[in-house]
Each structure stands twice: as C-alpha cells, then as structure tokens.
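With my numbering applied, the sequence shown has no gaps in its numbers, which climb one by one up to 394 at the end. Built from N, CA and C at the ideal position, the CB exists for glycine as well. In this text the structure is predicted, and so the values were computed from the model without any measurement. Below is one structure, written out as structure tokens, with a few remarks after it.
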Amino acid sequence: MSSSGGYRPQSVSEVLARGIVSLAKYIDSPRTDAQLLLSSVLGRDRAWLLAHSDSFISRPQGERFAELCEKRATGMPIAYILGTAGFYGREFVVNDKVLVPRPESEVLVDDLLHYLRGRLDPTYPKQLLTVLDVGTGSGAIACTLAAELAAVTVEGVDISLAALKVAEHNARRFNVFAKCKFRFGDLASGIGDRHFDAVVANLPYLPTDAIPKRPDPLSFEPHEALDGGPDGLALYRRLVPMLPPLLKPGALVLLEAAPPTIAGLAEIARTSFPNDEVLAMRDLSGLERYVRILVAR
Ligand SMILES: C[S@@+](CC[C@H](N)C(=O)[O-])C[C@H]1O[C@@H](n2cnc3c(N)ncnc32)[C@H](O)[C@@H]1O
C-alpha cells in the first residue's frame, strides 16, 4: 500500500484481480469469493461489480476488502465472514456459533413439505401440523418449513443457547416467529405428553476423529455441531428411542447423517420402529444422506 500522500485510486477490476490472486493459493473458488467479499464491502451485488469494473473504490473500502480476503485465506467459511448463508432461497443470518446450513439438507425440506402438504385435510381449514426440529442450529430447517407452509408450527430444540439466539433472529427476519418456538434442551427430552406430525433432525454426525483441523473450513464450525461421537451416531443412538411416544399415527421422521453412517442409522431406526417403514434416502449427488421413517397409521 502506498503512503497516504501517494495513494492511487484503484478500480473495481484491479482490486478484484488482487483479491483473486491473494485467495488462489488457499481456496478453490477465489474468483467467486473475491466477488462476494467485494460486493459485501461495497453494498452492491455481483452483477454491479461486472458492470462497473472501471469504477474507483475508496481507500477504506480497499483496506476492508484486503482484511476480508486475509480472513478467507485462513480457511474461515465465507458465510461467517459475510454473516449470511443461503438456504432454500432465503438468506439466513449465521455466526460461528451455528453450523452453516448445507444444500444437502434442502432435500429433507423438500421431502417434509411434500409429506406435510399431503397430510393436510382440505375439509378442515384450521388444521395446524406440528413439527419438531431437533438440533435446530440457525433455525434454517424450522424457519423454512414455517415460511413455506402456512398450516405448520415448528418447535426447534438445541443444546446451544447461542444457536437458539440465531434461530430466533432468523424467525423474526422471515416473519415466522409466531409459528416457531425455540427451546433449550437435550435432544427430545422434556417434550412432555405431546405428539408431532413430523420430526426432523440434523444432529452432529462426524466421528470425533474425523473432525478436521485448521485450515479446513469445517474446523471453524462449532464443535458441538459436528461431533457425533466415536462412530458419528452417538446422538442418534440416544434420540431415536425417544421418538416413538412423540409421534402421531402416520407421522414422518427424517434423520440426516453422513453417507457412510446411513446404513448404521437405519439399523438403529429399525430397532425402535420395527413395524414402520424405514428407508435410506439419497441426496441430489446420489449419496445416501438421510433415514426416512414413516410411522404406520
Ligand atoms: C449439524 S448442526 C445442524 C443445525 C441445523 N439443523 C442445520 O441443519 O443447519 C447440529 C445442531 O445440533 C445441536 N446439538 C448438539 N447436541 C445436541 C443435543 N444433545 N440436543 C440438542 N441439540 C444438540 C448443535 O448445537 C447444533 O446446532
């Protein structure tokens, strides 16, 4: 950087090119990320950057952009730097107390919405379906269900108070706060004598030894959102037996986990749901991604 007297104004394209070079050594998507970071500094979208490549940016803007590139080069997920992450067409607020919502979980939302719509009784317009979201994190799944379907209320449980604050913030952001109740709790304990139409859980599912170290982006995410115990299924082993008494006849349960653990998770599910349909389901990449339990009517 030149001294203040000799500062030379820099154009969008020059600054971007420098950012791309500074990121290229460290991450796989230097161009996209540099554009996203500069967009956030300038308060403009990426299309604006392309259309205004000759515009000049101010010195503080250039310095801020360089700072953000440095952070990104450490491996920190871009969602934590920008403070938002896209999920099912909405921009969720996130911070380093919550898992960055993943596109893989959108398949579970599709499945749930399809199931819930089919469960609505057209002759009963006041019907309200109830969903329990265990390990709600940023509230991505809970808020999406509440926003997509008028006739649904969602209870989101998490063991992290900091995550619950983020979930509540998102529920307000998407105007679904009245339909979402967020509660501190350990898995499904303390639910009482209530029965849900559906349960969804995306619990920590990485085997402890497989949690990567810096600079892997995953290492920036909260440990309590990743650590699934020795084989990745410790939390599901506790959760699944809690579920049968909490479900209405014909209810749906979706449990997300890592592809190599899905067969084991399906076995756990069959033990607690011996008379119900238990299936291993794939995500859009064709990998086994979640277990689907359909309770008999
Ligand atoms: C993998 S993250 C999923 C977050 C969110 N559902 C999503 O899909 O983006 C798992 C979440 O489970 C929470 N969690 C971990 N152990 C828990 C427990 N015993 N009871 C409730 N929540 C738990 C973590 O705090 C974290 O927010």
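**Message:** Quick check: what's the CA-CA separation for Y177 versus R128?
**Reply:** 18 Å
**Asked** Can you tell me whether DSSP reads G287 as helix, strand or coil?
**Response** coil
**Prompt:** How big is the Cα-Cα spacing for E245 and R105?
**Reply:** Cα-Cα distance, rounded: 50 Å.
**Asked** Going straight from the alpha carbon of A295 to that of G289, what length do you get?
**Response** 16 Å
**Prompt:** How many Å lie between H149 and A377 at the Cα?
**Reply:** 49 Å
**Message:** With a threshold of 7 Å (Cβ to nearest heavy atom), would V254 be considered close to ligand 1?
**Reply:** yes
**Request:** Could you tell me how far apart the beta carbons of V254 and T233 are, in whole angstroms, since I believe they sit closer than 8 Å?
**Result:** Contact annotation, V254 with T233: C-beta distance approximately 6 Å; criterion of less than 8 Å satisfied.
**Asked** How about the stretch 361–373 and the stretch 386–393: do they share at least three Cβ pairs that are nearer than 8 Å?
**Response** yes
**Prompt:** So S369 and P341 are in contact, right, with Cβ under 8 Å, and what is the actual spacing, rounded?
**Reply:** 6 Å
**Asked** What's the gap between the Cα of A275 and the Cα of T241?
**Response** 14 Å
**Asked** If L352 and L362 are in contact, beta carbons under 8 Å, what's the gap, nearest whole angstrom?
**Response** For a cut-off of 8 Å, the C-beta gap from L352 to L362 is around 6 Å, short enough to register as a contact.
**Request:** Could you tell me the distance, in whole angstroms, from the CA atom of S71 to the CA atom of A360?
**Result:** Given a span of 98 to 394 for the chain in the structure shown, any question on residue 71 remains unanswerable.
**Prompt:** Is it the case that the Cβ atoms of L284 and L229 are separated by a distance below 8 Å?
**Reply:** No.
**Item:** G428 classed as buried or exposed, judged by whether at least 16 other C-beta atoms fall within 10 angstroms
**Value:** This structure cannot speak to residue 428, because the chain is shown only from 98 to 394.
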